[in-house]
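So the sequences go chain by chain: F and W.
Per this note's numbering, the first sequence starts with residue 111, numbered consecutively.
Per this note's numbering, the second sequence starts with residue 448, numbered consecutively.
A virtual CB, placed ideally from N, CA and C, is assigned to each residue, including glycine.
The next block holds one structure in the form of structure tokens; read it before the comments.
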Amino acid sequence: MLYREALNRAIDEMMAADESIVILGEDVGRYGGSYRVSEGLFAKYGPKRVIDTPIAELSIVGNAIGMAIAGLRPIAEIMTINFSLLAMDQIVNHAAKFRYMSGGKMTIPLTIRMPGGVSRQLAAQHSESYETLYSAIPGLIVLAASNATYAYYGLKAAIALNDPVVFLEHELLYPLEMEFKEVDTFDPFKAEIVKVGKDLTIITYLKMRYDVLEAVPKIEDELGISIEVIDLNSLRPLDMKTIAASVQKTKRVVLVEEDHKTGGYGAEVIAKISEELFYSLDAPPLRIAGEDVPIPYNRTLELASIPTPDKIAQKIIQWGRKNGL
Amino acid sequence: MDYKIIMPVLSDTMDKGKLVRWRVHKGDMVHKGDVIAEVESDKAIMEVQSFKDGVVKKLLVKEGDEVPVKAPIAIIDTEAEMAQTEQQKQPEIVQHPKEQSTSTQKPKAALKEPTPTAAVPPVIEELLQTPAPKLAEGDATPAAKKRAAELGIDIKGLQAEGKLPKPAHLKEIETEAFRHYFTPKALRLLQEYQLDAKLFTLDHKINAAEVENYIKEYNIPKTVSLSKNRIAVMKNVQNAATKPVYFIFEEFDIKEYEGIKLTSLLIKKLATAMQKHPLTRAKLEGTTLKIYPHSNISVAVAKGDELYMVVCKRAEEKSLQEIDAWVRGLKERTFTADELTGSTFGISNLGMFGVQRFSAMINQSDVGIAAFGAVQNGKISVTFTFDHRVLNGVDAALFVHDAKEIFKGDDNV
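Here you go:
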């Protein structure tokens, strides 16, 4: 199943089951969505439930919040997370705080889908990963879908939640064919142990999952170790239980993220590990992240600015040798 | 302060509990650990305790009532007791359930709002309350310092002597500790039996006898990795077990010759019989049979723990003496891949161990195998295993009949 098909199926099935669910955003209707996620939905559910909006992010989210207050269950699509900055006030000051400000009397069952990350040469203003911003906001739930299974079940869960969810997708994943696993019980807040290992835990999310998995065999071979890989799935809340169990076992942790290193989401994860699992650590934690520069347009420089499987392998091997692995 | 006692979660499947009996009344004084009620889960009747001191302010459910888990069942007023007892911080039996939405907007029937089960509350407060672990001094990782303190390893001292690297890691600390507490022989035993050294109290030198006692007491198995040969044999016999086979039991006359090994004679005789029966020289490939001109016989050869099916090629062309020389050479050498392939029929002989009769598994893509037992009064028992896909009963019977005649005579010898 294609990643975008999984998202489409999730929205379609939820809309079929509950007519209070609507979607709105730029080009989500007649055009079928910039990444074809809402393909076919306009024809099926009509212009009242699949709403094409003007290019005005603040109003997309603002309208969606109004709909949510009035009893609908909107799914807002922001074309890329880079444009979500325009909607920041509605997301942070309104969607995230409404339940609190109303003393729990009102909830905002809103899902905001945001594609993000470094795609191919979209340049600095269209290549950011702002998960670190939204993960720092109390009142928001932040989910990050790296695969078709989580895209499908995670998005369904996000729509069903009574609180606002920022649902992160990665632009390079949409056209990828992925294995889809049917699951009986699904917990959107649980991290996935992608691969079991005993000497080192690599924590990652979104597209970096694939770069990590590509690098892992080489690292295992070079260092003669076995590596555990965790895909976080949920960035807020963070599944510290799964992380703790793994780090207590392996005693070593590496975090791989595409976002800039300084203030990136990984900094928070590593800080929590240092606070809560300090005496389990047998090596200083390592962060492998994007460089602290605006993402370059030039393809060579673009790749130089983010982790790649080769760089991940090289850095972990170097770090491992230095730290007794 | 009001302290609510809640219906405890007594099993994974429990969603409601029945209040069977109250053990206290309103106004009763209770102490931490006192049983206040009996509840029935879907499995058993259990007691519910109070985790705080106080006075029963209110009983919220009647005996016989069923209430959802985590719902409050009684209120204890802890202030009433405060005057006498110092307030103690005690963990509550269950964390309070996640805040319930009081929203007027209920999700529609088709939707079920997920609840975060994996998410855990911040544990910083808890961490601050638990004392920091004892740490050894020296240049080492946090995990290594903690472990060194537990094991009584002086990192600083050993680093000064150059016996530990800087910084020291967990593995080096444990290796050092185990060297310190175990004799070399005991350490080898730990390794062989994959025992964790932490199973032993590390306050004295532990010798092999102590480890052996532990192994015997707890019936610990020794873990032996399978050899490449064993894995290959497993694959071969597992494959053989999927073949549709049947057996023919016979007794052949046999005349042994001075200076010639019995196995050599068996190979020679069988090779001659195979020449008359093309199906014994065949190999099944999909829906075709490849019938080979030569009698290539796989011979079971045991070398220590290892088992090989070595192929005696063109056995029908070789003299008995040539075959005997080949058989005698087997024990001394290793085999090339070419020598282990290309057969169509097999021989296994366990007669030298006094085995009367046995049956054998067909090797790789062979169509059959002859299992020979011990020679008694000029006779040898043999069990043939045939692959029914290639040879029908009649084909096999004719082959066995001819083989029997050949074994009788002195032909080809």
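Could you tell me whether any Cβ in chain F is nearer than 7 angstroms to the Cβ of leucine 731 of chain W?
Working through the second sequence from its first residue, we reach residue 731 of chain W at position 284. Taking Cβ atoms only, chain F never reaches closer than 7 angstroms to leucine 731 of chain W, which makes this a no.
Taking 7 angstroms as the threshold (beta carbon to beta carbon), is phenylalanine 388 of chain F in contact with chain W?
Position 278 of the first sequence, counted from the start, is the residue given in the question as residue 388 of chain F. By the rule that beta-carbons nearer than 7 angstroms mark a contact, phenylalanine 388 of chain F touches chain W.
Which class does lysine 760 of chain W belong to by DSSP, given the choice of helix, strand or coil?
Within the second sequence, residue 760 of chain W is the residue found at index 313, counting from 1. The answer is coil: DSSP assigns lysine 760 of chain W none of H, G, I, E or B.
Roughly how many whole angstroms lie between the Cα atoms of alanine 116 of chain F and threonine 670 of chain W?
Start at 1 with the first residue of the first sequence, and residue 116 of chain F comes out as number 6. Start at 1 with the first residue of the second sequence, and residue 670 of chain W comes out as number 223. Each residue's alpha carbon lies about 46 angstroms from the other.
Quick check: what's the CA-CA separation for threonine 734 of chain W versus aspartate 813 of chain W?
On the second sequence, position 287 is the one that residue 734 of chain W refers to. On the second sequence, position 366 is the one that residue 813 of chain W refers to. Distance between the alpha carbons of threonine 734 of chain W and aspartate 813 of chain W is about 16 angstroms.
At the 7 angstroms Cβ level, is threonine 830 of chain W part of the contact set with chain F, yes or no?
By 1-based counting over the second sequence, the position of residue 830 of chain W is 383. No, threonine 830 of chain W lies away from the interface with chain F (no Cβ there is under 7 angstroms from its Cβ).
So which of W:Gln576, W:Phe699, W:Leu673, W:Ser742 has the shortest CA-CA distance to glutamate 753 of chain W?
Your numbering for residue 753 of chain W matches position 306 in the second sequence. Measuring from the Cα of glutamate 753 of chain W, the nearest candidate turns out to be W:Leu673.
Please list the partners that leucine 912 of chain W has in chain F, where partner means a Cβ-to-Cβ separation under 9 angstroms.
Past the edges of chain W, shown from 448 to 860, lies residue 912 of chain W, and the structure says nothing about it.
Limits of the unbroken beta strand (DSSP E) element including arginine 626 of chain W:
Working through the second sequence from its first residue, we reach residue 626 of chain W at position 179. Note, arginine 626 of chain W: premise wrong, no beta strand (DSSP E); alpha helix (DSSP H) at 617–628.
Residues bridged to aspartate 834 of chain W (per DSSP)
In the second sequence, counting from the first residue as 1, residue 834 of chain W sits at position 387. Paired residue(s): W:Val692.
Which of the three DSSP states is assigned to isoleucine 312 of chain F in this structure?
For the purposes of this step, residue 312 of chain F is taken as the residue at position 202 of the first sequence. Of the three classes helix, strand and coil, the one that applies to isoleucine 312 of chain F here is strand, per DSSP.
With distances taken between CB atoms, is the gap from lysine 517 of chain W to isoleucine 453 of chain W smaller than 7 angstroms?
The residue you call residue 517 of chain W lines up with position 70 of the second sequence. The residue you call residue 453 of chain W lines up with position 6 of the second sequence. Yes.
Tyrosine 244 of chain F by DSSP, collapsed to three states: which one?
Here residue 244 of chain F is taken as the residue at index 134 of the first sequence, counted from 1. Of the three classes helix, strand and coil, the one that applies to tyrosine 244 of chain F here is helix, per DSSP.
Looking at the unbroken alpha helix (DSSP H) that takes in serine 169 of chain F, where does it start and where does it end?
Position 59 of the first sequence, counted from the start, is the residue given in the question as residue 169 of chain F. Per DSSP, the continuous alpha helix (DSSP H) segment holding serine 169 of chain F begins and ends at 167–179.
Identify, in the order they occur along the chain, each residue of the same chain with its Cβ nearer than 7 angstroms to the Cβ of threonine 551 of chain W, setting aside the five sequence neighbours on each side.
Residue 551 of chain W sits at position 104 when you count from the first residue of the second sequence. Because the pLDDT of threonine 551 of chain W is 42, which lies under 50, any placement of that residue in the model is unreliable, and the question is left without a value.
Which same chain residues, not among the five before or five after phenylalanine 846 of chain W, have their C-beta less than 7 angstroms away from its C-beta?
Mapped onto the second sequence, residue 846 of chain W falls at position 399. Excluding sequence neighbours, phenylalanine 846 of chain W sits near Ala720, His724, Thr727.
Is there a Cβ of chain W sitting closer than 7 angstroms to that of glycine 434 of chain F, yes or no?
As a first step, residue 434 of chain F is located in the first sequence; it is residue number 324 there, counting from the start. For glycine 434 of chain F, the answer is yes, since a Cβ of chain W falls inside 7 angstroms of its Cβ.
If distances are taken between C-alpha atoms only, which option among F:Glu149, F:Leu112, F:Tyr155 comes closest to alanine 451 of chain F?
Chain F is shown from 111 up to 435; residue 451 of chain F falls before or after that span and cannot be answered.
For the stretch 387–420 of chain F, list every residue whose C-beta sits within 7 angstroms of some C-beta in chain W, in sequence order.
Phe388, Tyr389, Ser390, Leu391, Asp392, Ala393
Who are the Cβ neighbours of histidine 543 of chain W in its own chain at under 6 angstroms, not counting the five residues just before and after it?
Here residue 543 of chain W corresponds to residue number 96 of the second sequence, with the count starting at 1. Any reading at histidine 543 of chain W is ruled out, since the residue's pLDDT is 41, under 50, leaving its predicted position unreliable.
For leucine 797 of chain W, the first and last residue of its enclosing beta strand (DSSP E):
Here residue 797 of chain W corresponds to residue number 350 of the second sequence, with the count starting at 1. Per DSSP, leucine 797 of chain W belongs to no beta strand (DSSP E) and is neither H nor E.
If we define contact as Cβ-Cβ less than 7 angstroms, is alanine 590 of chain W a contact residue for chain F?
On the second sequence, position 143 is the one that residue 590 of chain W refers to. Taking Cβ atoms only, chain F reaches closer than 7 angstroms to alanine 590 of chain W, which makes this a yes.
At the level of alpha carbons, what is the spacing between proline 314 of chain F and glutamine 200 of chain F?
For the purposes of this step, residue 314 of chain F is identified with residue 204 of the first sequence, where counting begins at 1. For the purposes of this step, residue 200 of chain F is identified with residue 90 of the first sequence, where counting begins at 1. Here residue 314 of chain F turns out to be threonine, not proline, going by the sequence shown. Taking the straight line joining both Cα atoms gives about 29 angstroms.
Determine whether the Cβ of proline 580 of chain W lies closer than 7 angstroms to any Cβ atom of chain F.
Here residue 580 of chain W is taken as the residue at index 133 of the second sequence, counted from 1. Yes, because at least one Cβ of chain F sits closer than 7 angstroms to the Cβ of proline 580 of chain W.
Interface partners of histidine 651 of chain W on chain F, CB under 7 angstroms:
In the second sequence, residue 651 of chain W corresponds to position 204, counting from 1. Ordered by position in chain F, no residue passes the 7 angstroms Cβ test against histidine 651 of chain W, which lies about 27 angstroms from the chain.
Unbroken beta strand (DSSP E) runs of length 3 or more, entirely within the stretch 737–792 of chain W: which are they?
Contiguous beta strand (DSSP E) elements confined to the stretch 737–792 of chain W occur at 744–750, 753–759, taking only those with 3 or more residues.
If you measure beta-carbon to beta-carbon, which residues of the stretch 354–368 of chain F are closer than 8 angstroms to chain W?
Lys361
So what does histidine 478 of chain W bridge to, in DSSP terms?
Locating residue 478 of chain W in the second sequence gives position 31, where the first residue counts as 1. Looking at the DSSP assignment, histidine 478 of chain W forms no beta bridge with any residue, so it has no partner.
Chain F contact for leucine 617 of chain W (CB, 7 angstroms cutoff):
Stepping through the second sequence from its first residue, residue 617 of chain W is reached at position 170. Closer than 7 angstroms: yes.
Element boundaries [beta strand (DSSP E), containing threonine 259 of chain F]:
By one-based count along the first sequence, residue 259 of chain F stands at place 149. Per DSSP, threonine 259 of chain F belongs to no beta strand (DSSP E); it is in the alpha helix (DSSP H), 258–270.
To which residues does DSSP link glutamine 823 of chain W through a beta bridge?
For the purposes of this step, residue 823 of chain W is taken as residue 376 along the second sequence, with counting starting at 1. Per DSSP, W:Lys826.
Quick check on aspartate 459 of chain W - is its C-beta less than 7 angstroms from some C-beta in chain F?
Position 12 of the second sequence holds residue 459 of chain W. Output row for aspartate 459 of chain W: interface = no.
Using a C-beta cutoff of 7 angstroms, does lysine 499 of chain W count as contacting chain F?
Taking the second sequence and counting its residues from 1, the one referred to as residue 499 of chain W is at position 52. Not closer than 7 angstroms to any Cβ of chain F, the Cβ of lysine 499 of chain W fails to qualify, so no.
Where glutamate 187 of chain F and histidine 236 of chain F are concerned, what is the direct C-alpha to C-alpha distance, given to the nearest angstrom?
One-based indexing of the first sequence puts residue 187 of chain F at position 77. One-based indexing of the first sequence puts residue 236 of chain F at position 126. About 16 angstroms.
With 7 angstroms as the threshold, decide whether the Cβ of lysine 593 of chain W is near any Cβ in chain F.
Against the second sequence, residue 593 of chain W aligns to sequence position 146. Cβ-Cβ to chain F under 7 angstroms: yes for lysine 593 of chain W.
Kindly say whether glycine 430 of chain F, judged by its beta-carbon, lies nearer than 7 angstroms to any beta-carbon of chain W.
Sequence index remark: in the first sequence, residue 430 of chain F carries index 320 (1-based). No, no contact with chain W.
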